[in-house]
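See structure below.
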Amino acid sequence: MAVSVALAGGFVGAQTPSPDAAVRRQFIERAIVARDAGDHRVALELFTQAAQIQMRPGLRMSIAQEQQALGLGRDACESATQCMTDVQADLASPESGRVTQGCAGLVASACVPFGRVRVVTATPVPTGLRVEVQGRPVDVASGTATVFVEPGDVLVRATVGAREAFAQDFSVERGLTASVSLDLTRAAEPVEVAPVVVAPVAVAPVATRVPVVTPHPLRAAAPVASSGGVTSRWWFWTGVGAVVLGGTLVGLAAGGLFDRLADPVGGTAYRVYAVTAQ
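Letter 240 of the sequence shown, counting from 1, is numbered 419 in the numbering used here, and no numbers are missing.
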């Protein structure tokens, strides 16, 4: 029971403990029973529930011990290291000496296989900043955090909102610390720009005069007189008539149809040949 009182811390001599303090004390007492029985998993769960009500250096040391017993080496190392930080801020506590010695021993045994990454960021910490080391979230609310990692290449990644602000691999050696200063200059807060809305300009229709060209009526081409061939010419028929007449006269003369030459008619110079039938 003396151990449970020391783990509770700060409530020794309290006249009227709060309901939360009473619940916390019950968690611690049950965890001690489970630990003594060798049920480290139940003990870790009960110590963790008590820490959610109030964390004290001695309680953190008990959590580290159960983590180490379960083979959670890195978790035990981180809890013991944080325990050393907490106890330095509470040296006036009656349990500080015992807790300091216990946590130092845990650090020496649990932290040997690991390397450390110390993350530093500018303060105030940008809103929405999220940091991950080797895929595990890291709390950098205070501007700095130290985490233990497996030796080798370690990815440190930081995002601000949905934007990736930092991502880089670092080589970490066993037992050594790699310091990483986050450069978040590329993760400036986005400036919201309102879209520019251009009002449509009303354009009055412009009447365009198009000259109307009235086609000039085509003049009908004068009909071309058909030549009609040689037989349609006047001179052809005149010649034919002369030939026929001449031939007729010659034939009559040859046949003796002309028997006499008549006297001039009416005192004219014309003579009329009389044609008589034989």
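Glycine residues also receive a C-beta, built at the ideal position from the N, C-alpha and C atoms.
Reduced DSSP category for residue i - H, G, I as helix; E, B as strand; rest coil
i      : result
Ala536 : Limits of the chain in this structure are 180 at one end and 457 at the other, which puts residue 536 out of reach.
Leu308 : strand
Val348 : Going by the sequence as given, residue 348 is Asp instead of Val. Asp348: strand per DSSP, three-state reduction.
Ala324 : strand
Val266 : helix
Val184 : Legend: pLDDT at Val184 = 44, less than 50; position of this residue unreliable, no value from coordinates given.
Pro316 : strand
Val375 : Confidence is the limiting factor: at Val375 the pLDDT is only 45, short of 50, which leaves the residue's position unreliable and the question unanswerable from this model.
Arg297 : strand
Where the alpha helix (DSSP H) through residue i begins and ends
i      : result
Thr338 : Careful: Thr338 lies outside any alpha helix (DSSP H), inside the beta strand (DSSP E) at 331-339.
Ser272 : Element bounds for Ser272: n/a, residue is neither H nor E.
Val221 : 219-232
Val202 : 198-215
Leu238 : 236-248
Extent of the continuous beta strand (DSSP E) run through residue i
i      : result
Ala357 : 356-360
Length of the line joining the Cα atoms of residue i and residue j
i      : j      : result
Phe293 : Phe327 : 6 Å
Arg203 : Ser197 : 10 Å
Ala200 : Glu208 : 12 Å
Pro322 : Leu361 : Position check: residue 322 holds Gly in this sequence, whereas Pro was assumed. Spanning the two alpha carbons is a distance of roughly 10 Å.
Ala193 : Leu238 : For Ala193, the pLDDT reaches just 45, beneath the cut-off of 50, and the residue's location in the model is therefore unreliable, although a value from the coordinates is still provided. Approximately 19 Å between the Cα atoms of the pair.
Pro273 : Ala344 : 45 Å
Glu311 : Arg336 : 5 Å
Val359 : Ala271 : 34 Å
Val317 : Arg309 : 8 Å
Ala320 : Ala301 : 10 Å
Beta-carbon contacts of residue i that lie in its chain and below 6 Å, excluding the five residues immediately before and after
i      : result
Cys290 : Cys256
Gly340 : Gly307
Arg353 : Gly294, Pro330
Ala210 : Ala222, Leu225, Phe226
Sequence-distant residues of its chain with Cβ nearer than 8 Å to residue i (five each side left out)
i      : result
Arg295 : Thr325, Val326, Phe327, Val328, Val351, Leu355, Thr356, Ala357
Arg315 : Val326
7 Å CB neighbourhood of residue i in its chain, flanking five on each side removed
i      : result
Gln233 : Arg203
Asp269 : Pro236, Ser275
Arg253 : Phe293, Phe327
Proximity test, residue i beta-carbon vs the ligand NAD heavy atom, cut-off 7 Å
i      : result
Gly331 : With respect to small molecules bound, the structure shown includes none, and the ligand NAD cannot be examined in it.
task: Tell me, please, whether the stretch 236-250 touches the stretch 209-221 by the rule of three or more beta-carbon pairs shorter than 8 Å.
output: A contact between stretches requires three or more CB pairs, one per stretch, nearer than 8 Å, and the stretch 236-250 meets this requirement with the stretch 209-221.
query: For the 8 Å Cβ check, are there 3 or more pairs between the stretch 254-264 and the stretch 282-301?
result: By the Cβ criterion, the stretch 254-264 is in contact with the stretch 282-301, since at least three pairs of Cβ atoms, one from each stretch, lie closer than 8 Å.
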